[in-house]
Amino acid sequence: MSLKDKLSELRQRGLADIKESSDLKDVNQVRVQLLGKKGPITEVLRGMRDLDAEERPKVGAFANEIRDDLANALAKRKEELEKAVLNAQLAKETIDVTLPGTPVAKGEPHVIQQIVDQIEDLFLGMGYQVLSGPEVEEDKYNFEMMNLPKNHPARDMQDTFYITKEILMRTQTSPMQARTLEKHDFSKGPLKMISPGVVYRRDTDDPTHSHQFHQVEGLVIDKHVTMADLKGTLQVLAHELFGDKFDVRLRPSYFPFTEPSVEADITCFNCGGKGCKVCKNTGWIEVLGAGMVHPNVLKMAGVDPDVYGGFAFGVGPDRFAMLKYGVDDIRNFYLNDVRFLTQFTKKG
Amino acid sequence: MKISYNWIKEYLDLNVKPADLAEKIERTSVEVDGVTTPSDGLKKIVVGHVLSLEAHPDSDHLHVCQVDVGEDEPLQIVCGAPNVAAGQNVIVALPGSRIADNVKIKKSKMRGVPSAGMICALQEIGFPEDVVPKDYVDGIYVLPEDATPGDAVYDYLGMNDSLIDLDVTPNRGDMLSLYGTLHDLAAIYDKPVKLDHPEVKEDGTAIADQLAVHVDDALSPQYRMRLVKNVKLAPSPMWLQIRLWNAGMRPINNVVDITNYIMLKYGQPLHAFDYDKFNGEDVYVRTAKAGEKLTTLDENDHDLDENDIVIADQKGPIALAGVMGGLDASIQDGTTTVAIESAVFEHDHIRKAAQRHNLHTDASQRFERGVNQAGVQEALDAAAQMMNELADGEVQKGSVVGSSNIPDSAVIDITLTHVNAILGTELTMDQVSHILESLGFEVAVNDDTLTVTVAVRRNDIHIPADLLEEIARIYGYDQLPATLPTGRMTMGTLTMKQRLMRATRHSLEGLGLNQAISYALTTEEKAKMFMMQDSETTNLAWPMSVDHAVLRMNVVSGLLDDIAYNSARKVKDVALYEQGRVFYREDGNDRPSEEEHIAGAITGTLMPEAWNQPAQPVDFFQMKGIVAAYLKDMVVNGDVTYEPNADMPEMHPGRTADVLVHGHRIGFLGQIHPLIAKQFKIGATYVFELNLQAIIDMPKQENQYDVISRYPAITRDIAMLVDDDVTNDQVVALIERRGGAFLQSVKLFDVYDGVKVPKGKKSLAYTLTYQDKHETLVDDAVTQAFDKVSKRLEDDLGAQIR
Chain P
1 MSLKDKLSEL RQRGLADIKE SSDLKDVNQV RVQLLGKKGP ITEVLRGMRD
51 LDAEERPKVG AFANEIRDDL ANALAKRKEE LEKAVLNAQL AKETIDVTLP
101 GTPVAKGEPH VIQQIVDQIE DLFLGMGYQV LSGPEVEEDK YNFEMMNLPK
151 NHPARDMQDT FYITKEILMR TQTSPMQART LEKHDFSKGP LKMISPGVVY
201 RRDTDDPTHS HQFHQVEGLV IDKHVTMADL KGTLQVLAHE LFGDKFDVRL
251 RPSYFPFTEP SVEADITCFN CGGKGCKVCK NTGWIEVLGA GMVHPNVLKM
301 AGVDPDVYGG FAFGVGPDRF AMLKYGVDDI RNFYLNDVRF LTQFTKKG
Chain R
1 MKISYNWIKE YLDLNVKPAD LAEKIERTSV EVDGVTTPSD GLKKIVVGHV
51 LSLEAHPDSD HLHVCQVDVG EDEPLQIVCG APNVAAGQNV IVALPGSRIA
101 DNVKIKKSKM RGVPSAGMIC ALQEIGFPED VVPKDYVDGI YVLPEDATPG
151 DAVYDYLGMN DSLIDLDVTP NRGDMLSLYG TLHDLAAIYD KPVKLDHPEV
201 KEDGTAIADQ LAVHVDDALS PQYRMRLVKN VKLAPSPMWL QIRLWNAGMR
251 PINNVVDITN YIMLKYGQPL HAFDYDKFNG EDVYVRTAKA GEKLTTLDEN
301 DHDLDENDIV IADQKGPIAL AGVMGGLDAS IQDGTTTVAI ESAVFEHDHI
351 RKAAQRHNLH TDASQRFERG VNQAGVQEAL DAAAQMMNEL ADGEVQKGSV
401 VGSSNIPDSA VIDITLTHVN AILGTELTMD QVSHILESLG FEVAVNDDTL
451 TVTVAVRRND IHIPADLLEE IARIYGYDQL PATLPTGRMT MGTLTMKQRL
501 MRATRHSLEG LGLNQAISYA LTTEEKAKMF MMQDSETTNL AWPMSVDHAV
551 LRMNVVSGLL DDIAYNSARK VKDVALYEQG RVFYREDGND RPSEEEHIAG
601 AITGTLMPEA WNQPAQPVDF FQMKGIVAAY LKDMVVNGDV TYEPNADMPE
651 MHPGRTADVL VHGHRIGFLG QIHPLIAKQF KIGATYVFEL NLQAIIDMPK
701 QENQYDVISR YPAITRDIAM LVDDDVTNDQ VVALIERRGG AFLQSVKLFD
751 VYDGVKVPKG KKSLAYTLTY QDKHETLVDD AVTQAFDKVS KRLEDDLGAQ
801 IR
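Those protein sequences? They're chains P and R, same order as listed. Using the UniProt record's numbering, you'd call the opening residue of the first sequence number 1 and step up by one each time. Using the UniProt record's numbering, you'd call the opening residue of the second sequence number 1 and step up by one each time.
What follows is the structure, given as structure tokens:
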């Protein structure tokens, strides 16, 4: 048998052994057997001495080729077996991914806060300032400077918590109109503000009344502000809060501090305008009051109504939340049942 | 006010459905509460003629009636009404009919006798009890003699009319009448309206010889009376009764009904007195005198106030002016001579009188808002004419006029430029003047200016802005363009305070607390709990209930109310925070100052229990961790420290700490006192409250990059025994002070005071981390520093290093 034949046979036997090795230890043993110093290849190579000078390099190259083949086969087999071991390990580590995730503590903003923030962000983007005023107000700002002198019949529309004859819990965020108008320097630019906050009415709490609720006042005063601007602004507000599908309509109303005064309705959520129980078959739901600021309000705050004018509006986040989410009892907002508070998790 | 669609159509040629008319009114004039047609929902209700009746064999009050309902055979109907009689035309609900409240009527037997339907009272076919004529309240209704058996009853009773319920705002008193509404509709639909005017047939002698009125015209700017003699009291004709009950008023008799009818038509409240009950021939309009009393028509007694306006004769008050007449001089059976009053009373007096006596009547409602002062005499004449026509009365010659101050029409100049500038429209002069004229105003145009003479009935229009509203609403708000304000740019940014308030909320939500909004008005006791500074209470002068009577001076007590609410509903784990104001008042000031606070409360567990996470009840250190993390978020400049506070009565004396920033107390945290927990009926609860305003106002650390060392850190652990009263803060402070230049951090990793340590001692163990920013630390240097600090702990705190 020539050396070459020996080598070929060696290769065949070696590859078969490698293939048969069943674990890493086996593979190692085969490696030592085949490629070790006392292994058959080394032995074959030792026999090269007896070959012709011409044959020697050929056989040498062939021997090296076989050594490489075997080494490669060994490495490949080793990798296969390692992978199998790892896979077995991973299979053992398999868990039930449908078990619940570990709960974490996470708080939610109050639903009213979410609506207030949304309104604030909308108007900030349109260049409005956000201002907050005192909850305990003077009669002067809450009523008189809003064109509601003492004994004005419209005061009956708002039941008031008085502290003294002149001090009261504000019944509306409108006093911030007077407070802001008094201070604003129109030479520095127009006045564009919203004022969110808590207001109070002398009401017995029931599903539709709360002695404490929220309002957001809006006011724009400049030289050329129109009622069309009011309509457009309210439309933007309705679209932001409820969606583009919602339409706004204005209806005449009466507030002493605006003239003309309007109430704004939006398309009924429940029926999309077709008419249902919720909207009393009108297709519309009343959501806010607004109007062009009454000249008397401007005058009393020291602003010349012949030069400046604008619009004001007041929206009720509580009412918005009730409409938007179908909340049927306003008291839910102030009793803070966590099962209620954690329902409103959709952001934006 | 409920206004009749049919009545409107008598004057205005409209080709619109009632629902569309209502929507138009709502969009253009005043709110509409609803449109109803009384016959809606009713079925198979017809006129029946009672042919005969006999007593029910097994009942002492039922009758068995044979009723002609226009069919071949009469129906046998058992009826329990006391007033049923043969020969009457009655309302019959046939078998298979539907009456009020969707009740179905079937053939049945009543105590054994077959009954094919039901003879109805007005209430049973949907009439409100308070409009049913008194004679028929306790029995069936009797239809007119000429009603045809078998006909549907609806037209006989005016039930096919549509009634539009107007919710009139305080400024639009004119809409509380048919005529006022017609004026608005004429403008809305741009159609002419033809109103009728009375023609009085006078008789007898001059009223001036029979009656004199003495009027304080500050109280009553107009006061007019007419006298009608020989009236014959009787029920009003059906058409008039229908007008009244469809407007929600009960028909009484022809004279009283006429006054109410005129009020509905003209908006002018009238009052009819029985002239013969006057003491003397003089009538006075004055304020009441101290001690005077009056029994009003509703048979209630009133002690009169000196600010009440009264109508009086020589003896005393006979009516509470503009609110309700007196019983004594009222129209009653036997009245033959009627004095009709048509007047204007000062609205503020009326408003207060109505409030004072809790008598809010149709009359007071109209006087409060103001009546058409140009139509006072016309309404009086119209009433007199009707009393002549419907009650055979002789209208005495002339009227007595105690005062007759008819206000001048408001004359307002407005320019077309202004109209378009404010409304954002491009209306033409023709459009604007046409709108104003269609409202019945006179308009003179001069270049760009319109000079508008407003009709007196519109007492709400005084200034150009008022005209703008008229123009805008009649033109139609739907037609206004929708734009956004232009003009100089403005920045919309939150202030630092607003940003920090938002950051506060986000921080606490991230730490696991839900935002609560509680009531700021609470009980006096709760208002005064958990006080962070001295303050007087601020009390409502006239609260609705003791539960909401005093302004809070802490936020925590509201959160405890919230926890109690949850707890009562078996919600055991509650974590809440609230950002809100507290109200501190100094003695001598009426008005409190308002301070923003932030507070939190946790009961049960913060981390929800789960299959792989055991319940871990909230404790002091968890709450402290939340407060510390929040304050870290607020980057207040200065050390945050916690000092024990055993003096807050509502807090656990051993588990409460003041929170200090740079040595200033900004709030507290800890466990509420078990007795407070018991009082609120809640479990162990941990709370904090901080002065948010103070946090906002504090200087903040600037964000700055700090180089992260590339060199390895070396740690050393130290465990020591110290006396129980040595605090962690003391140990840490000493280590930090004496730890050497390379000490980076000190971290507590174990506290032990179990059986293995001597009594009165505890074991504390810390990891000290050393690091140099510029080179690798040498072990020796660390050992040296560590030994030094160990020695100081032994010397200064008596620690035994273990």
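Note that beta-carbon positions come from the ideal geometry of N, C-alpha and C, so glycine has one too.
- Checking the DSSP bridge columns, you'll see K747(R) partnered with T767(R).
- Per DSSP, reduced to three states, the secondary structure at M1(R) is coil, with no helix or strand assignment.
- In the DSSP assignment, A264(P) falls outside any alpha helix (DSSP H) and within the unbroken beta strand (DSSP E) covering T258 to T267.
- Any Cβ of chain P closer than 8 angstroms to the Cβ of V618(R) would place that residue at the interface, and such an atom is absent.
- DSSP places A105(P) outside both helix and strand once states are collapsed to three, so it counts as coil.
- The C-beta distance from V731(R) to V722(R) rounds to 7 angstroms, short enough to meet the 8 angstroms contact threshold.
- Per DSSP, reduced to three states, the secondary structure at G314(P) is strand.
- Nothing from the stretch 187-199 of chain R brings a Cβ to less than 7 angstroms from some Cβ of chain P.
- Judged by pairs of C-beta atoms under 8 angstroms, the stretch 559-575 of chain R does not touch the stretch 656-666 of chain R, as fewer than three such pairs exist.
- In the structure shown, F213(P) adopts extended strand secondary structure according to DSSP, grouped into three states.
- The beta carbon of L390(R) sits closer than 6 angstroms to the beta carbons of N254 from its chain, once the five residues preceding and following it are set aside; these are given in chain order.
- In this structure, V200(R) and D381(R) form a Cβ contact; the two beta carbons are roughly 5 angstroms apart against a cut-off of 8 angstroms.
- Chain R places a beta carbon closer than 8 angstroms to that of S253(P), counting this residue as a contact.
- At a cut-off of 8 angstroms between C-beta atoms, K324(P) does not count as an interface residue with respect to chain R.
- The residues I18, K19, S21 and V27, in chain order, have a CB closer than 8 angstroms to that of R77(P) in the same chain once the five nearest residues on each side in sequence are set aside.
- When W239(R), T495(R), E10(R) and E524(R) are compared, the shortest CA-CA separation from Y156(R) is found for W239(R).
- Annotation: Y141(R) is outside any beta strand (DSSP E) and is labelled neither H nor E by DSSP.
- The beta carbons of V550(R) and A527(R) sit closer together than 8 angstroms.
- In the three-state reduction of the DSSP assignment, G302(P) falls in the coil class, being assigned neither a helical nor a strand state.
- With a beta-carbon spacing of about 37 angstroms, Q693(R) and E609(R) fall beyond the 8 angstroms limit used to define contacts.
- Residue-level contact check: A520(R) touches chain P, since one or more beta carbons of chain P fall below 8 angstroms from its beta carbon.
- For N332(P), the closest C-alpha among the options K106(P), L10(P), R11(P) and V111(P) is that of V111(P).
- Distance from the CA of N637(R) to the CA of E702(R), rounded to the nearest whole angstrom, comes to 9 angstroms.
- Residues of the stretch 212-229 of chain P that bring their beta carbon within less than 8 angstroms of a beta carbon in chain R comprise Q212, V220, D222, K223, H224, V225, T226, M227, A228 and D229, in sequence order.
- Taking C-alpha positions only, L86(P) is separated from V30(P) by approximately 22 angstroms.
- The beta carbon of N160(R) sits closer than 6 angstroms to the beta carbons of S39 and Y154 from its chain, once the five residues preceding and following it are set aside; these are given in chain order.
- For the stretch 231-254 of chain P, the set of residues with a beta-carbon nearer than 9 angstroms to any beta-carbon of chain R comprises K231, G232, T233, L234, Q235, V236, V248, R249, L250, R251, P252, S253 and Y254, in chain order.
- Within the stretch 140-174 of chain R, T169, P170, N171 and R172 place their CB atoms closer than 9 angstroms to a CB of chain P, listed in sequence order.
- Exposed is the label assigned to T486(R), since fewer than 16 other Cβ atoms lie within 10 Å of its Cβ.
- The way I'd put it, the stretch 218-233 of chain R does touch the stretch 391-400 of chain R; three or more beta-carbon pairs between them come closer than 8 angstroms.
- In the DSSP annotation of this structure, the continuous segment of the beta strand (DSSP E) that includes A575(R) starts and ends at V574 to Y584.
- When CB distances to chain P are screened at a threshold of 7 angstroms, the residues of the stretch 351-373 of chain R falling below it are R351 and E368, in chain order.
- Put simply, the stretch 224-237 of chain P touches the stretch 476-485 of chain R. At least three CB pairs are less than 8 angstroms apart.
- DSSP places K38(P) outside both helix and strand once states are collapsed to three, so it counts as coil.
- Here the stretch 427-443 of chain R makes no contact with the stretch 228-244 of chain R; the two share fewer than three CB pairs at distances below 8 angstroms.
- Between the stretch 105-121 of chain R and the stretch 73-81 of chain R, the count of C-beta pairs closer than 8 angstroms reaches three or more; the two stretches touch.
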